[in-house]
Every structure is written in C-alpha cells, then in structure tokens.
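Colleague:
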Amino acid sequence: MARNKYPEETVKLILDVSLKLFMEKGYEKTTIQDIVNDLGMSKGAIYHHFKSKEEIMDAISKRSFEENTYLNEIYKDLTLNGLEKIQKILICNIADANKQINDKLSLSLTKNHRMIAKHLEDTIQHAAPMLTKLIEEGIEDKSITATNPKAASEVIMLLFNFWINPAIFITSKEEFLNKLDFLKDLIDYMGISLINDEFASQCVQYYENIYEKDM
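As numbered in my numbering, the sequence shown has no gaps in its residue numbers, which increase by one up to the final residue, 486.
1. Just the Cα atoms here: how many angstroms apart are residue 290 and residue 307?
2. Going by Cα to Cα distance, which pick from 347, 342, 350, 346 is closest to residue 364?
3. Taking the alpha-carbon positions, what's the residue 486 to residue 294 distance?
4. Mapping DSSP to helix, strand and coil, what is residue 437?
5. Please name the residue, chosen from 398, 392, 415, that lies closest to residue 351 on a Cα-to-Cα basis.
6. Three-state secondary structure (DSSP) at residue 322?
7. Need the endpoints of the alpha helix (DSSP H) that residue 294 sits in, please.
8. Report back the beta-carbon spacing between residue 463 and residue 423 to the nearest angstrom; my notes put them in contact at under 8 Å.
9. Please classify residue 317 as buried or exposed, where buried requires at least 16 neighbouring CB atoms within 10 angstroms.
10. Could you check the C-alpha separation between residue 356 and residue 368 for me, to the nearest Å?
11. Quick one: Cα of residue 303 to Cα of residue 282, how far?
12. Let me know if residue 288 comes out buried or exposed under the rule of 16 or more other beta-carbons within 10 Å of its beta-carbon.
13. Can you say whether residue 396 is buried or exposed, counting buried as having 16 or more other CB atoms within 10 angstroms of its CB?
14. Distance, Cα to Cα, residue 390 vs residue 479?
15. When you compare each of 456, 286, 349 to residue 334 by their alpha carbons, which one comes out closest?
16. When you compare each of 403, 409, 473, 408 to residue 428 by their alpha carbons, which one comes out closest?
17. Which residue marks the beginning of the alpha helix (DSSP H) containing residue 409, and which one marks its end?
18. Taking a contact to mean a Cβ-Cβ separation below 9 Å, would you say residue 471 touches residue 451 in this structure?
19. Need the endpoints of the alpha helix (DSSP H) that residue 417 sits in, please.
20. Could you compute how far the alpha carbon of residue 434 sits from the alpha carbon of residue 330?
21. Taking the alpha carbon of residue 454 as the point to measure from, which residue in 441, 432, 394 has its own alpha carbon closest?
22. Going by CA-CA distance only, name the one from 309, 320, 311 that's closest to residue 278.
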C-alpha cells in the first residue's frame, strides 16, 4: 500500500490496522513490524506519526472517546437533571460498541504498567472532572445530595474503572455482580443514586460480551 499523501488519512489507516491486529493477536504480541507488513508502509512512515506502539494505543483510545458524540448531547439536554444525565451517560457508555472493543483489547494490557498508569492519569485528569461538573449540577437542582463533588467523582471513577474492572481485578460473573451491588450501596450512601436497574442490566450484558464470548 502506498503511503497516503493526506496525513489525517494515513493516521486513520495506521489506527484502523493497528486496532485490527491488536484484537487478532493481542497488544503485547503485535509488533510495529506486524503493523508495517499489514499496511504496506515503511517504518519511517509510521514513526513519522507515532513514536511507539504505546502511542498508537493511546491514539486509538483517544479516538474512541472523541467518537462518543452522545456525551455532549446529554450534557446539553435541558430535560434531564444532573443525576439523570450521569445515569444516561453511564448507560450509553457501557453499552457503546467502541468501548466494549477497547475494553476487550485492554484484557491484554493488564501487565503493561505504563498503560495502566496512563489509564489512571486519564481517569483523574479527564473523566473525573467531567463527572464533577454533573454532580455539581445535580447538587444545584437537588437531584444529588453529595457534599464534596470533586472527591466523590474521583472515588466513583476509580471504583468503576479499576476496582470493578474484571480486566484488572479478575473476577467471576458472580463476584462482578456482588461488587456491583456493593458499589450501588456505597454510592447511594454518598448521596448519588446513579446505579439503577437499567444500568445494572447493561452491566450484565457488558460482562457477557467482554468476558464470555468473542465480539
């Protein structure tokens, strides 16, 4: 394959092929040479855009987040209060096909300490502040009774993205559901009743899609 003269199209090709290979072979077993061979590009063409395989993975994750257009739509929905917005975002997020693909891919990254550290950084620097704004909105409209929005958002995101994540803390389905029940009680106690029946049902489907069958 000749290198595409449009940089944005070249980047898209690299990310598309890399994601395909990561899914087929696993992140750790995929090499830059594998990506080069599949693309038909030179290593130089890839290194012009990405310095390493980890940078490619970072770009894949960022692209997946940016493609979640429902986030802005929910943020701007004036018919929903703060709590309802959080609940709807959680449901849309866990049911999102791109997220499920990335999460299935992340199963091969659990021994990569740099990737886990990057995930932790993104959680605290990007995801938690977004949740803080919605908790503050919920406090203002009285749908939420939490008293420390920043701390609450950081705790919630860490629990969701790490403690309840079966890719990091390997669990059976029964253990996963027990954790979900405990998490519901804990977050309810914090004054944010965000885990409802619909979300719990989506969690079951999510677990089955990621850990019990091939996508």
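Glycine is no exception: its CB is placed at the ideal position from the N, C-alpha and C atoms.
Modeller: Straight from the coordinates:
1. Translated into the one-based positions of the sequence shown, residue 290 becomes position 19. Translated into the one-based positions of the sequence shown, residue 307 becomes position 36. Between residue 290 and residue 307, the C-alpha separation is close to 13 Å.
2. Numbered from its first residue, the sequence shown carries residue 364 at position 93. If we check each option's Cα against that of residue 364, 342 comes out closest.
3. The residue you call residue 486 lines up with position 215 of the sequence shown. The residue you call residue 294 lines up with position 23 of the sequence shown. With a pLDDT of only 43 at residue 486, under the threshold of 50, the placement of this residue in the model should not be trusted; the figure read from the coordinates follows. Cα to Cα, residue 486 sits roughly 10 Å from residue 294.
4. On the sequence shown, position 166 is the one that residue 437 refers to. Looking at residue 437 - three-state DSSP - the assignment turns out to be coil, as it is neither helix nor strand.
5. As a first step, residue 351 is located in the sequence shown; it is residue number 80 there, counting from the start. Nearest of 398, 392, 415 to residue 351, Cα basis: 415.
6. Start at 1 with the first residue of the sequence shown, and residue 322 comes out as number 51. Of the three classes helix, strand and coil, the one that applies to residue 322 here is coil, per DSSP.
7. Translated into the one-based positions of the sequence shown, residue 294 becomes position 23. 278 to 296 is the span of the alpha helix (DSSP H), which, as asked, contains residue 294.
8. Mapped onto the sequence shown, residue 463 falls at position 192. Mapped onto the sequence shown, residue 423 falls at position 152. With 8 Å as the limit, residue 463 and residue 423 qualify as a contact, their Cβ atoms being about 6 Å apart.
9. On the sequence shown, residue 317 is found 46 positions in, with the first residue counted as 1. Label assigned to residue 317: buried.
10. As a first step, residue 356 must be located in the sequence shown, where it is residue number 85. As a first step, residue 368 must be located in the sequence shown, where it is residue number 97. The alpha-carbon atoms of residue 356 and residue 368 are separated by roughly 20 Å.
11. As a first step, residue 303 is located in the sequence shown; it is residue number 32 there, counting from the start. As a first step, residue 282 is located in the sequence shown; it is residue number 11 there, counting from the start. Whole-angstrom Cα-Cα distance: 14 Å.
12. Mapped onto the sequence shown, residue 288 falls at position 17. Per the 10 Å Cβ criterion, buried.
13. Your numbering for residue 396 matches position 125 in the sequence shown. Classification of residue 396: exposed, given that the 10 Å Cβ count is below 16.
14. The count along the sequence shown starts at 1 and reaches residue 390 at position 119. The count along the sequence shown starts at 1 and reaches residue 479 at position 208. Going from the Cα of residue 390 to the Cα of residue 479 covers about 23 Å.
15. Looking up residue 334 in the sequence shown gives position 63. Closest by alpha carbon: 286.
16. Looking up residue 428 in the sequence shown gives position 157. Nearest C-alpha to residue 428: 403.
17. The sequence position of residue 409 within the sequence shown is 138, counting from 1. It spans 399 to 412 - the alpha helix (DSSP H) in which residue 409 sits, taken as one unbroken run.
18. Within the sequence shown, the letter at position 200 stands for residue 471. Within the sequence shown, the letter at position 180 stands for residue 451. Cβ distance < 9 Å, so residue 471 and residue 451 count as in contact.
19. Counted from its first residue, the sequence shown places residue 417 at position 146. Careful: residue 417 lies outside any alpha helix (DSSP H) and carries neither H nor E.
20. For this step, residue 434 is matched to residue 163 along the sequence shown. For this step, residue 330 is matched to residue 59 along the sequence shown. Roughly 24 Å separates the two Cα atoms.
21. Walking along the sequence shown from the start, residue 454 turns up at place 183. For the residues 441, 432, 394, the minimum Cα distance to residue 454 belongs to 432.
22. If you number the sequence shown from 1, residue 278 lands on position 7. If we check each option's Cα against that of residue 278, 320 comes out closest.
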